[in-house]
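Q: Input: one structure, supplied below.
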Amino acid sequence: MAQYVGVSFKRLGQIYYFLASPFVLSVNDMVLVKTEEGIGFGQIVTLRDTIPPGLDPEAIKPIYRPANQEDMDIGQENHVLAQEAMAFCQECVDRLSLDMKLVEVEIYFDKSKMIFYFTAPGRVDFRELVKELVRTYRTRIELRQIGVRHETQMIGALGNCGQVCCCRRYLRRFETVTIKMAKDQNLFLNPAKISGACGRLLCCLAYEKDSYLDFQNRAPKIGRRYMTAQGPMKTLRTNMFRESVTVLNEVGDEQDFSLDQWHAMLVPDQQPRVVIHEESSMEDIPAELKALQDSDLPGQNKYDKKYGQRNQHTQKRHHKPPHKHPEQKSDLEPQEKKPVHSPKQSQTNEAKSDRATDLPSELRQPSHREKRRKNAVSRKNRTPKATPSQKHGTPK
891 MAQYVGVSFK RLGQIYYFLA SPFVLSVNDM VLVKTEEGIG FGQIVTLRDT IPPGLDPEAI
951 KPIYRPANQE DMDIGQENHV LAQEAMAFCQ ECVDRLSLDM KLVEVEIYFD KSKMIFYFTA
1011 PGRVDFRELV KELVRTYRTR IELRQIGVRH ETQMIGALGN CGQVCCCRRY LRRFETVTIK
1071 MAKDQNLFLN PAKISGACGR LLCCLAYEKD SYLDFQNRAP KIGRRYMTAQ GPMKTLRTNM
1131 FRESVTVLNE VGDEQDFSLD QWHAMLVPDQ QPRVVIHEES SMEDIPAELK ALQDSDLPGQ
1191 NKYDKKYGQR NQHTQKRHHK PPHKHPEQKS DLEPQEKKPV HSPKQSQTNE AKSDRATDLP
1251 SELRQPSHRE KRRKNAVSRK NRTPKATPSQ KHGTPK
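FYI, the numbering for the sequence shown is 891 to 1286, going by our numbering.
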């Protein structure tokens, strides 16, 4: 009996693994599972006796129960309702003249929520659209904007290799793919060849990135001359899959060597065991190729990136040094603290002191503090005023 079952909630969709016990299940069985968004209705597409690689055993949840005929009817009803909601929402979008493209409608198994996925070039004010959808279906409505890569993941497409796109089959998180990855793999930078159905760079460019970098660190640099036991040679090209080097000898003939043979025949004084290649320049790349790069992270639009960077700057601005407890004492004797002045303040103080010392005391104008001190001394030495009795004398 299989211990783990792979469940797919859409045709040719991603596979999620659950524990099969205590039920005896087989492929193509319909089951109900508990997810983070509620009860899910899916189909078993694969069985496994061991845990899939890369998954945490504690994170795998058990199957809720096998689906019965009533559950089958509810699933079919939700499928028909999703198609009707898609058509109705498209009519509302056309009537309200909203600049958005509907992709898919998802309905929870218990009809507690409906999610409308759409793409748009910018922000869309869909408040009136939400009101009409809530008034029609009497349930929670969510409109979720996605990118072009997520759109292809939901709809599905065939790649240049002739198979279903990787994002539709098993990719759960998109990685950032850059033109530099294509240049490091010595690919011809043709937009039609290195872009997928979504109009962005192929996700598979990131699969062999580490392998190419490791090979380039061990292989000689193309176009450089090396001194070998057979004489000076110039490297023409390298082959990562065969791990070979093609060189041009003194006579003008091309020769192929494996990496081990190449390192063995190099002169020890000039033997570059590890060649650190410089990063490929991005200045000579045309704008149409740079537009294929999708720098946004999964689930993060350009507004989230902007606010995220703003939060980072705020953290740096409000960073405070660690607080030292007053009870902590150092072994050294305490030193007298000297007041710290800014350069501008110190220059101002020096200028004032210079002006004060240049003038004689009788010409120098007293400061505010000196005036206050003189006034206090004068009040202290002042004779008290005579009372009326002292002026006119006390009556006898």
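C-beta atoms are modelled at their ideal positions from N, C-alpha and C, and glycine is treated no differently.
#1: Run the CB neighbour count on residue 1043, radius 10 Å, all protein chains shown included, and call it buried at 16 or more, exposed below.
#2: Entirely within the region 1088-1168 and at least 4 residues each: give me those alpha helix (DSSP H) ranges in chain order.
#3: Can you tell me the Cα-Cα spacing of residue 1133 and residue 1117, whole angstroms?
#4: May I ask which residues mark the beginning and end of the beta strand (DSSP E) holding residue 894?
#5: The beta strand (DSSP E) with residue 999 in it runs from where to where?
#6: Taking only the alpha-carbon atoms, compute the straight-line gap between residue 1072 and residue 986 and give it to the nearest angstrom.
#7: Starting from residue 1046, trace the beta strand (DSSP E) both ways and give me its first and last residue.
#8: Return helix, strand or coil for residue 1183, following the three-state DSSP convention.
#9: Tell me which residues share the same chain as residue 979 and place their Cβ nearer than 8 Å to its Cβ, disregarding the 5 neighbours each side in the sequence.
#10: State the start and end residues of the unbroken beta strand (DSSP E) segment that holds residue 1037.
#11: Express the C-alpha separation of residue 1089 and residue 1079 in angstroms, rounding to a whole number.
#12: So, using beta-carbon positions, are residue 1316 and residue 937 closer together than 8 Å?
#13: Take the Cβ of residue 1212 as the centre, count every other Cβ of all protein chains shown within 10 Å, and call the residue buried at 16 or more, exposed below.
#14: When you compare the CB positions of residue 917 and residue 953, do they come within less than 8 Å of one another, or not?
#15: Measure from the alpha carbon of residue 1033 to the alpha carbon of each residue in 1065, 1039, 983, then state which is nearest.
#16: Is the CB-CB distance between residue 1067 and residue 1096 below 8 Å?
#17: Give me, in chain order, the residues of the same chain whose beta-carbon lies closer than 7 Å to that of residue 976; leave out the 5 immediate sequence neighbours on both sides.
#18: How many Å lie between residue 1103 and residue 1053 at the Cα?
#19: Mapping DSSP to helix, strand and coil, what is residue 1068?
#20: Please state whether DSSP places residue 1004 in a helix, a strand or coil.
#21: Can you tell me which of the three DSSP states residue 1085 falls into?
#22: Which class does residue 1027 belong to by DSSP, given the choice of helix, strand or coil?
#23: Closest by CA to residue 914, which one among 1061, 1259, 939, 906?
#24: Would you decide whether residue 1004 is buried or exposed? Buried here means 16 or more other CB atoms lie within 10 Å of its CB.
#25: Which word fits residue 1074, buried or exposed, when buried means at least 16 other C-beta atoms lie within 10 angstroms of its C-beta?
#26: Of the residues 1137, 1130, 1131, which one's Cα is nearest the Cα of residue 1124?
#27: Give a yes or no on whether the C-beta atoms belonging to residue 972 and residue 989 are separated by under 8 Å.
#28: With DSSP as the reference, please indicate the residues paired to residue 928 in a beta bridge.
#29: For residue 1271, which residues in the same chain have their Cβ closer than 6 Å to its Cβ, ignoring the five residues on either side in sequence?
#30: Can you give me the C-alpha to C-alpha distance between residue 1193 and residue 1083, rounded to a whole angstrom?
#31: Roughly how many angstroms lie between the CA atoms of residue 1050 and residue 1085, to the nearest whole one?
#32: Whose C-beta lies closer than 8 Å to the C-beta of residue 1062 among residues of the same chain, with five residues either side of it excluded?
#33: Rounded to whole angstroms, what's the CA-CA distance from residue 1150 to residue 1105? Just pull it up for me.
A: According to the structure shown:
#1: As a first step, residue 1043 must be located in the sequence shown, where it is residue number 153. By the neighbour-count definition (other C-beta atoms within 10 Å, threshold 16), residue 1043 is a buried residue.
#2: Counting only runs of 4 or more, we get 1099-1108, 1149-1155.
#3: Here residue 1133 refers to the residue found at position 243 when the sequence shown is read from its first residue. Here residue 1117 refers to the residue found at position 227 when the sequence shown is read from its first residue. Spanning the two alpha carbons is a distance of roughly 20 Å.
#4: Taking the first residue of the sequence shown as position 1, residue 894 is located at position 4. Unbroken beta strand (DSSP E) run through residue 894: 894-898.
#5: Your numbering for residue 999 matches position 109 in the sequence shown. Segment: none, residue 999 is in no beta strand (DSSP E) and carries neither H nor E.
#6: Taking the first residue of the sequence shown as position 1, residue 1072 is located at position 182. Taking the first residue of the sequence shown as position 1, residue 986 is located at position 96. Pairing residue 1072 with residue 986, the inter-Cα distance amounts to about 43 Å.
#7: In the sequence shown, residue 1046 corresponds to position 156, counting from 1. Boundaries cannot be given for residue 1046, as no beta strand (DSSP E) includes it and DSSP labels it neither H nor E.
#8: To locate residue 1183, count along the sequence shown from 1; it is residue 293. Here DSSP, grouped into helix, strand and coil, assigns residue 1183 to coil.
#9: Translated into the one-based positions of the sequence shown, residue 979 becomes position 89. So the list reads 992, 995, 1006, 1019, 1023, once near-sequence residues are dropped.
#10: If you number the sequence shown from 1, residue 1037 lands on position 147. Boundaries cannot be given for residue 1037, as no beta strand (DSSP E) includes it and DSSP labels it neither H nor E.
#11: Working through the sequence shown from its first residue, we reach residue 1079 at position 189. Working through the sequence shown from its first residue, we reach residue 1089 at position 199. Computed Cα separation, rounded: 14 Å.
#12: Because the chain in this structure spans residues 891 to 1286, residue 1316 falls outside the shown range and cannot be described.
#13: By one-based count along the sequence shown, residue 1212 stands at place 322. The predicted model places residue 1212 with a pLDDT of 48, which falls under 50 and marks its position as unreliable, so this point remains unresolved.
#14: As a working mapping, residue 917 is identified with position 27 in the sequence shown. As a working mapping, residue 953 is identified with position 63 in the sequence shown. Contact check for residue 917 against residue 953 fails: the beta carbons are separated by 8 Å or more.
#15: On the sequence shown, position 143 is the one that residue 1033 refers to. Comparing Cα positions, the closest option is 983.
#16: Counted from its first residue, the sequence shown places residue 1067 at position 177. Counted from its first residue, the sequence shown places residue 1096 at position 206. A Cβ-Cβ contact shorter than 8 Å links residue 1067 with residue 1096.
#17: Locating residue 976 in the sequence shown gives position 86, counting from the first residue. Excluding residues within five positions, the ones whose Cβ falls inside 7 Å are 992, 995.
#18: Here residue 1103 refers to the residue found at position 213 when the sequence shown is read from its first residue. Here residue 1053 refers to the residue found at position 163 when the sequence shown is read from its first residue. The alpha-carbon of residue 1103 is positioned some 27 Å away from that of residue 1053.
#19: Here residue 1068 corresponds to residue number 178 of the sequence shown, with the count starting at 1. Residue state, collapsed to three classes: coil.
#20: Walking along the sequence shown from the start, residue 1004 turns up at place 114. Three-state DSSP puts residue 1004 in a strand.
#21: Here residue 1085 refers to the residue found at position 195 of the sequence shown. If DSSP states are grouped into helix, strand and coil, residue 1085 belongs with the strands.
#22: Counted from its first residue, the sequence shown places residue 1027 at position 137. Helix at residue 1027.
#23: For this step, residue 914 is matched to residue 24 along the sequence shown. Cα-wise, what sits closest to residue 914 is 939.
#24: Sequence index remark: in the sequence shown, residue 1004 carries index 114 (1-based). Counting Cβ neighbours within 10 Å, residue 1004 comes out buried, since at least 16 surround it.
#25: Within the sequence shown, the letter at position 184 stands for residue 1074. The residue is buried, with at least 16 neighbouring Cβ atoms inside 10 Å.
#26: By one-based count along the sequence shown, residue 1124 stands at place 234. The candidate whose alpha carbon is nearest that of residue 1124 is 1137.
#27: Position 82 of the sequence shown, counted from the start, is the residue given in the question as residue 972. Position 99 of the sequence shown, counted from the start, is the residue given in the question as residue 989. Going by C-beta atoms, residue 972 is not nearer than 8 Å to residue 989.
#28: On the sequence shown, residue 928 is found 38 positions in, with the first residue counted as 1. BP columns for residue 928 point to 925.
#29: As a first step, residue 1271 is located in the sequence shown; it is residue number 381 there, counting from the start. Here the set comprises nothing.
#30: Taking the first residue of the sequence shown as 1, we reach residue 1193 at position 303. Taking the first residue of the sequence shown as 1, we reach residue 1083 at position 193. Confidence at residue 1193 is low in this model, with a pLDDT of 39, below 50, so the placement of that residue should be treated as unreliable; the coordinate-derived value is given next. Answer to the nearest angstrom: the Cα atoms are 31 Å apart.
#31: Mapped onto the sequence shown, residue 1050 falls at position 160. Mapped onto the sequence shown, residue 1085 falls at position 195. Here the C-alpha atom of residue 1050 lies approximately 9 Å from the C-alpha atom of residue 1085.
#32: Here residue 1062 is taken as the residue at index 172 of the sequence shown, counted from 1. These residues qualify, in order along the chain: 904.
#33: Counting from one through the sequence shown, the residue named residue 1150 turns up at place 260. Counting from one through the sequence shown, the residue named residue 1105 turns up at place 215. Rounded to the nearest angstrom, the gap between the Cα atoms of residue 1150 and residue 1105 is 12 Å.
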